[in-house]
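There are 4 protein chains.
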Amino acid sequence: MSLHSGLTEEQNASIEEQRLQTQKTRRVSVEALEEVLFDPLPVLDHGFIRVVDYMGDDSAIVQAARVSYGRGTKHVSNDRGLISYLMRHRHTSPFEMCEIKLHVKLPIFVARQWIRHRTANVNEYSARYSVLSDDFYIPADDQLAAQADTNRQGRGAQLDGAEREIIAKAMRENGERAYAVYRSMLGEEKSQKPGLAREIARAVLPLNIYTEWYWKTDLHNLFQFIALRADPHAQYEIRAYAEILLEVVRRWTPLAAEAFEQYRMKSAEFSKSAIDVLRRMLDGENISQEDSGMSPREWRELMSALGRE
Amino acid sequence: MSLHSGLTEEQNASIEEQRLQTQKTRRVSVEALEEVLFDPLPVLDHGFIRVVDYMGDDSAIVQAARVSYGRGTKHVSNDRGLISYLMRHRHTSPFEMCEIKLHVKLPIFVARQWIRHRTANVNEYSARYSVLSDDFYIPADDQLAAQADTNRQGRGAQLDGAEREIIAKAMRENGERAYAVYRSMLGEEKSQKPGLAREIARAVLPLNIYTEWYWKTDLHNLFQFIALRADPHAQYEIRAYAEILLEVVRRWTPLAAEAFEQYRMKSAEFSKSAIDVLRRMLDGENISQEDSGMSPREWRELMSALGRE
Amino acid sequence: MSLHSGLTEEQNASIEEQRLQTQKTRRVSVEALEEVLFDPLPVLDHGFIRVVDYMGDDSAIVQAARVSYGRGTKHVSNDRGLISYLMRHRHTSPFEMCEIKLHVKLPIFVARQWIRHRTANVNEYSARYSVLSDDFYIPADDQLAAQADTNRQGRGAQLDGAEREIIAKAMRENGERAYAVYRSMLGEEKSQKPGLAREIARAVLPLNIYTEWYWKTDLHNLFQFIALRADPHAQYEIRAYAEILLEVVRRWTPLAAEAFEQYRMKSAEFSKSAIDVLRRMLDGENISQEDSGMSPREWRELMSALGRE
Amino acid sequence: MSLHSGLTEEQNASIEEQRLQTQKTRRVSVEALEEVLFDPLPVLDHGFIRVVDYMGDDSAIVQAARVSYGRGTKHVSNDRGLISYLMRHRHTSPFEMCEIKLHVKLPIFVARQWIRHRTANVNEYSARYSVLSDDFYIPADDQLAAQADTNRQGRGAQLDGAEREIIAKAMRENGERAYAVYRSMLGEEKSQKPGLAREIARAVLPLNIYTEWYWKTDLHNLFQFIALRADPHAQYEIRAYAEILLEVVRRWTPLAAEAFEQYRMKSAEFSKSAIDVLRRMLDGENISQEDSGMSPREWRELMSALGRE
């Protein structure tokens, strides 16, 4: 582990101390995940994900599916087959038997998307109780992009260099200015005069300031999170976190991660109409959108899934 | 209904249209709640709560508790007794049989506290999809208060007049400045030059900007919300919403609201030690904190609940 | 409405009374659903589903997706397009804005599958508090089938006539005998001697005895229920309930029901490997299971989805 | 560990194997809980609870409450104070950061009460897939009690010896008879003739047959479970499980368990009226139920909480 630039010396020391402790346990343990335990995996400019605790591994999924008395695993090949079957048929409850706890540092506008995943446990750093530090998310150059033409929600082409500079500067100054207002409203700690209550003062801070939380969820819900948030339609910033989470899952439960990628992430769902079209195409029929019975948009989505654009 | 100052003419017209529609239904219906249906009940400087739909009434609680075939109600006095019993003994599931849907306008820092209540359904106005308008929450004079001395989370004494003026001005200007940055980054809609994507641009906006959402929950979870958020320890701004919600519940399910106030809002929970102390006091013993076995803090809380400070 | 054979006269009268009440409301109302409101829709030999209350309609989905001030609907064609888009892209939260409450009578072994759907509210008839009546589920002739050969979970060919008769008789007698034990343990109500507590006595009753509950959920979770439980892999008995629920949804939110059938019920999810195979087939390649890279089981599932068995 | 009488040799061997494995881990580990890990803790006549996995300890609660970078704990005395504060003020989210997974064997009528706790993960032994074994719960002598006079839900005085014998015999025979019907409907495994599908056959089995599941929940929800199910109003059979769970928690998170007993299990909630009465009593007033403004039932509950009956 190298020091994380966004952390204080004291924080890095606390992390290091946790990394050095070793316990004996009768519980199942995952070496590849232990390697990165407590380590701040960098995301965006000041963010991170730290895996702080976990419970279960691939064998726990198998054990729960079989309601067996011993460890789940018999042979890796059996386990792979069973896990793949469970994923394919959306038997989701065995995946709920694995649990993971993360410490995450993330911009507030990302936190607001993240929290929409309700089946999880959260403890957030309290800006009523403590003073926030001045870390603001400023998009990297390649993320300063224009509103997309076709997608009302997303971003399109990169802005030109001059514009990018202007915008990055504006965002930086906006953060600094707001932070100065925040600190001045809070008052000098040593001053005689009391400052404004923290719970009000923080309201002037912009949505790109970083916050932190402990977040805990089970593997099934983590997959749901990754499926939605690593998707190209998701906003880039939360996607950056989802991609790290996918790497974490690959370390933690490699068989489940493999099945997830095969049957969820890189799969496609075809509607009743799309299946009808497919059948006709396989029978040698030459079909255009007009005689497909599908809307132009759905037709485009289908052709794209089939790599026939 | 009078027009809500924060709404456009078109919005007020849409609301008026909904208020004028009348349907026939076989469902139970609550006149006192119908009176305010769709009406924006003002909260804070630009916020509101609108009851948009509801399902069930006091009789639905009774019906579910009895799993009866007809309407729940037999006699109001029986119903009151049963509902009071259910509330007292925390039989919560019958209260889950009533559902309410609200349209709420609220500052983002309030929304971030609100969303922590997970057993609810939410659809929020999307700042990826649309441009936010420039409504910012500026605390009223009596809410510009200093950090509390004793309570690390709350606010204490009101600031003096000069300071209040300075702070209100700083908050207003902070909002205006951030909003100007936001609009300029978005670019002119009619300009040739594409602006920054909305999903990034919104990150410069401060946490006191208003957002809106549809929020739906059941009566049990609404009571949980009110119990936590109308509590003196809750931040004033969310308390303002919780108090309106309590008024809504009084209209909607008056018997349940009465039981809730009697057994939850104005009740107190006494620990094992506190009960021991009480028993000794009732036996005529004269007890001080020192010989109570309780910590100074708990002793204070107990004396305060007993009105003996 | 005709009388439901499984109900007492008093129960039928209570239902009739509810059906005759009419209220005025400003809420949205769905005529096609009001028609069957309170009516016991028969399922299996003694079961039923009664829609007891509901909230929202297709327009509520649109309204929530747009966070609009008025009624959601603009034009049916727009609404259909938007609802279909939401379903296709699994934007599930707007569907959560509709809520429905049912009164269901069902065998306990079905209830045990049903309750696994956690995002719902339940109040069940209490056999601690009251005495259960002697309704037992006995499968109809065409459901007395052998254990499936290929499917470790399901049923296969119908048993022959003699066997069916033996089994139906054995199930009937088993129920009668257990019920006699139950009643005798409870004791004569008018006897001097106290009987066994109901909460223990009920433990002798078999899993095919009927119970009842009020069950309430939102439209998204109802779709999840139907997708899983109307599936051919689900046990016949719960499928019978899921099919009635699909008919209820068609009355309640016809546009959402249409999208659900198109994109969820009659859709198929193709894995990464399946899509690769499809692409090669569309390019004219002749592929067998052996060179598909898929397991025999997955290959069979794919061919079946494509109607190429 | 001694062998559990209800388990097969093979099952006991699987458990023994798990108990012998030791892993190294950087995660927090709880020695007192590791001692009983995998061990079937007996409940009722054939049931058990086995702790199969866990995550977190008292320090994890502290860590989450502080959103700290290192291990939560500073000094045990600080931790005790903080945990007690969190429990007293119902700040429940830090307790959600600890997770536990159990393997439970329990009668189906108990499972039906247990499953009502929705915030948990479950995988149950499938009687569609496998054949159930013939373990039936028969209450011990001291649990064969009459219906309570005052409590419509509970049990009262023990039945007399002759009756107890008759009832225990009737329950045993009822189980044996139903199990014989079950096996005969399933057919001989080696016979030419196919038997009835397992998913139907199991419907003849009574509610006191044992089932098994893996059940996983967080500490907050486990406390909710214990608070409701170790309560004297809960049915004896589920109480027996709740009491073992309390012992498990005492091993796992002793500080949280201590706070839970002090502020939840042995606490009492006093209504607004009850507090008014208390204040008057402490002022020396002599109050009877008649002039208390409370119902006889509530008055009785209050006097009982105060030990003044």
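Residue numbers (my numbering), protein chains in the order written: chain R, 183 to 491; chain D, 183 to 491; chain C, 183 to 491; chain V, 183 to 491.
Note that CB positions come from ideal geometry on N, CA and C, so glycine has one too.
In the pairwise beta carbon analysis, the stretch 328-335 of chain D is classified as not touching the stretch 402-411 of chain D: fewer than three pairs are separated by under 8 Å. Sequence-ordered contacts of the stretch 421-452 of chain C with chain V are nonexistent [C-beta pairs closer than 7 Å]. If you check each beta-carbon in the stretch 366-392 of chain D against every beta-carbon of chain R, the ones closer than 7 Å belong to Met-367, Pro-376, Gly-377, Leu-378, Ala-379, Arg-380, Glu-381, Ile-382, Arg-384, Ala-385, Val-386, Leu-387, Pro-388, Leu-389, Asn-390. Taking all protein chains in view, the Cβ of V:Gly-489 is surrounded by fewer than 16 other Cβ atoms within 10 Å, so the residue is classified as exposed. Under the three-state reduction of DSSP, C:Met-476 is assigned to coil, being neither helix nor strand. Take the alpha-carbon of V:Arg-446 and the one of V:Ala-439: they are about 10 Å apart. In the three-state scheme derived from DSSP, where H, G and I count as helix and E and B as strand, D:Ala-330 is classed as coil.
Boundaries of the alpha helix (DSSP H) around D:Val-258: 258-270. With a beta-carbon spacing of about 5 Å, V:Ile-290 and V:Thr-393 fall inside the 8 Å limit used to define contacts.
V:Gly-252 has no beta-bridge partner at all, per DSSP. Look at the stretch 358-434 of chain D and you find these whole runs of beta strand (DSSP E), each 3 residues long or longer: 392-400. Listed in chain order, the positions of the stretch 244-265 of chain D with a beta carbon within less than 8 Å of a beta carbon of chain C are Gln-245, Ala-246, Ala-247, Val-249, Ser-250, Tyr-251, Gly-252, Arg-253. In the three-state reduction of the DSSP assignment, R:Leu-314 falls in the coil class. If you check each beta-carbon in the stretch 322-339 of chain D against every beta-carbon of chain R, the ones closer than 9 Å belong to Gln-325, Leu-326, Ala-327, Ala-328, Gln-329, Ala-330, Asp-331, Arg-334, Gln-335, Gly-336, Arg-337, Gly-338, Ala-339. Cβ-Cβ distances below 6 Å link V:Gly-229 to Lys-287, Leu-288 in the same chain, with the five nearest sequence neighbours on each side left out; the list follows chain order.
Taking all protein chains shown into account, D:Thr-204 has fewer than 16 neighbouring C-beta atoms within 10 Å of its C-beta and is therefore exposed. Not flagged as an interface residue toward chain D: R:Met-279, since no C-beta distance is shorter than 8 Å. With respect to C:Tyr-361, C:Asp-324 sits apart: the two C-beta atoms are not nearer than 8 Å. Those residues of the stretch 204-226 of chain R placed with their C-beta closer than 8 Å to a C-beta in chain V are Thr-204, Gln-205, Lys-206, Thr-207, Arg-208, Arg-209, Val-210, Ser-211, Glu-216, Leu-219, Phe-220, ordered along the chain. Residues of chain C whose Cβ lies closer than 7 Å to the Cβ of D:Gln-417 do not exist; the shortest such Cβ separation is about 24 Å.
Assigned with DSSP and collapsed to three states, V:Lys-287 falls in strand.
Note on geometry: alpha-carbon atoms of C:His-415 and R:Val-249 lie some 20 Å from one another.
The Cβ-Cβ distance between R:Asp-235 and V:Arg-209 falls below 8 Å. The three-state reading of DSSP puts R:Phe-442 in helix, counting H, G and I together. Of all alpha-carbon atoms in R:Ala-322, R:Tyr-307, R:Phe-277, R:Ser-308, the one lying nearest the alpha-carbon of R:Ser-241 is that of R:Phe-277. The stretch 447-461 of chain C and the stretch 429-438 of chain C do not touch, with fewer than three beta-carbon pairs separated by less than 8 Å.
Between the stretch 190-201 of chain V and the stretch 387-401 of chain V, the count of C-beta pairs closer than 8 Å stays below three; the two stretches do not touch.
In terms of Cα proximity to V:Asn-403, the closest of V:Gln-335, V:Ala-246, V:His-299, V:Pro-321 is V:His-299. Residue contact with chain C for R:Ser-455: present (Cβ-Cβ distance below 8 Å to some residue of chain C).
A Cβ-Cβ contact shorter than 8 Å links D:Pro-222 with D:Leu-189. Nearest in C-alpha terms to C:Ser-455, of all of C:Phe-220, C:Tyr-396, C:Ile-469, C:Arg-334, is C:Ile-469. A residue is called buried when at least 16 other Cβ atoms come within 10 angstroms of its Cβ; V:Ser-486 does not meet this threshold and is exposed. In the three-state DSSP reduction, R:Glu-217 falls in the coil class, being neither helix nor strand. R:Gly-489 does not reach chain V, its nearest Cβ partner there being about 38 Å away, counting only Cβ pairs nearer than 9 Å.
Listed by position along chain R, the residues whose Cβ is nearer than 7 Å to that of D:Arg-310 are Gln-335, Gln-417.
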